[in-house]
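The structure under discussion appears below in the form of structure tokens.
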Amino acid sequence: MTYYRQVGRVPRQRHTQLRNDDGALHYEELMGEEGFSSDSSLLYHRGVPHAVSASEVWELPDLATTANHPLRLIHLTLHDLFDETEAKALDPVTGRRLVLGNGDVRISYVVAGESSPYYRNAVGDECVFVEAGTGVVETVFGVVPYRAGDYVLIPRATTHRWVPAELSRLYAIEANSHIAPPKRYLSRYGQLLEHAPYCERDLHGPEEPFVVEGTDVEVLVKHRGRGPSGIVGTRLTYATHPFDVVGWDGCLYPYTFNIEDYMPITGKVHQPPPVHQVFEGYNFVVCNFLPRKVDYHPLSIPVPYYHSNVDSDEVMFYVGGDYEARKGTGIGVGSISLHPGGIAHGPQPGAVEASIGVHEFDEVAVMVDTFRPLEIGEAGAATDDHVYGTAAARALSDRPSAG
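The numbering of the sequence shown is the working numbering, which starts it at 111 and goes up by one.
Here it is in structure tokens:
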């Protein structure tokens with residue numbers, strides 16, 4: 111994201127000396143994407159940033175997946191995954207349970223009330239949607255507060271720690287790539303354009319350094335390896351605290367974006383999902399569906415038309431409101447629907463006719479579309495209702511015959 115920020119003390123020119131009041135030299139670290147060919151930031155540490163005193167295996171939670179075969183539409187009920195009393199003792203990192211995943215992206219869910227360990231995802235960027243709760247994410251760049259409705263964007267290999275102020279429900283989208291605003295909304299120099307549904311004013315990054323002293327600090331690192339999922343974990347112990355950064359500048363850093371600041375794009379007839387896109391990664395996109403006015407053509411049908419996404423799987427996480435197209439399916443707040451490529455999907459029977467004349471939708475949902483088939487994680491298997499795919503057929507069989 112080429113949106114420059116400077117926080118704390120940095121030297122007037124890059125790669126030059128920065129010393130503290132006692133004359134001790136700070137250590138400059140370049141944190142950059144795609145080698146030296148994309149966005150980066152320069153961080154100035156009090157200690158040596160690579161001084162690791164110990165390295166041990168971190169056994170990751172279950173990341174195994176099973177194929178969606180035979181192919182079917184799936185309904186998952188995420189709110190059944192965690193008992194709130196037990197969740198108070200969980201943290202937002204080690205408490206995550208895998209819902210769906212493939213070789214490009216993994217979707218996990220957690221309800222947590224405790225602070226997480228220090229953590230770094232060296233596999234890819236994370237986009238964590240805050241369904242409920244407040245707190246802060248402490249990072250090597252500074253502190254980022256979060257609240258319900260926030261997307262928390264954390265670049266790959268950013269050392270951070272989640273500190274909930276209250277029980278938090280978090281929907282984690284973990285990429286094997288970087289996550290950024292859609293290219294069509296960016297100028298050739300990286301500025302969000304006038305037709306984009308949000309702008310730089312809506313992105314909230316760290317405001318000041320968060321300097322912490324300490325020695326022998328453990329950081330959990332998720333990284334690429336030869337495990338069953340291609341992802342393994344390591345516990346690194348650092349000689350000095352990773353949060354010893356007195357200042358930084360650049361275009362790579364964590365930030366939040368709240369869905370309240372997204373400006374839905376509407377039209378005379380039903381608009382396709384790409385107009386609701388908010389972020390993209392390699393082989394997947396993230397969209398959000400929000401309260402909005404809908405189609406104003408006199409003969410419009412506001413709910414979606416039936417469609418076959420022949421190149422993608424579609425995952426909808428239902429966060430709030432009343433989703434018109436899914437009435438009668440059992441889907442509600444906390445549900446996930448998986449509509450895989452290879453099966454047409456759309457509104458339930460009766461929803462099309464019922465939507466005619468509707469002028470507004472009251473719904474909040476987060477959608478992930480993937481271009482590689484999604485498989486089912488242990489949390490998905492635990493919350494599968496096994497009936498959603500036949501809901502439309504049952505509804506049709508219940509209708510009175512034409513004769």
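Cβ coordinates follow ideal geometry from the N, Cα and C atoms, glycine included.
Boundaries of the beta strand (DSSP E) around Ala285: 278–285. Per DSSP, the continuous beta strand (DSSP E) segment holding Glu138 begins and ends at 137–142. Per DSSP, the unbroken alpha helix (DSSP H) holding Glu196 starts and ends at 194–197. One Cα belongs to Thr500, the other to Pro227, and the distance between them is close to 43 Å. Glu284 sits close to Asn231, with the two beta carbons spaced by under 8 Å. Contact check for Thr325 and Ala349: beta-carbon distance about 6 Å, within the 8 Å limit, so the pair qualifies. Taking C-beta atoms as the reference points, Val238 and Leu280 count as a pair closer than 8 Å.
In this chain, Glu424 is not harboured by any alpha helix (DSSP H); it is covered by the beta strand (DSSP E) spanning 423–431. Take the alpha-carbon of Gly118 and the one of Gln127: they are about 15 Å apart.
Contact check for Glu485 against Ala177 passes: the beta carbons are separated by less than 8 Å. With respect to the 8 Å criterion, Asp359 and Val120 are classified as neighbours on the basis of their beta carbons. For Val250, no alpha helix (DSSP H) run applies, since DSSP gives it neither H nor E.
If you compare the alpha carbons of His449, Asp214, Val379, Ala197 with that of Gly243, the shortest gap goes to Ala197. Fewer than three pairs of CB atoms, one per stretch, sit closer than 8 Å, so the segment 368–384 makes no contact with the segment 327–342.
Gly490 and Tyr428 have their C-alpha atoms some 15 Å from each other. Around the beta carbon of Val262, 16 or more other beta carbons sit within 10 angstroms, so the residue counts as buried. Taking 8 Å as the cut-off, the Cβ atoms of Trp272 and Pro202 count as close. The straight-line gap separating the alpha-carbon atoms of Glu139 and Leu153 is approximately 5 Å.
Pairing Pro307 with Ile446, the inter-Cα distance amounts to about 25 Å. For Val209, no alpha helix (DSSP H) segment is defined; the enclosing uninterrupted segment is the beta strand (DSSP E) at 207–211. Between Gly300 and Asp472, the alpha-carbon positions lie close to 33 Å from each other. With fewer than 16 other Cβ atoms from the protein chains shown falling within 10 Å of its own Cβ, Lys403 counts as exposed.
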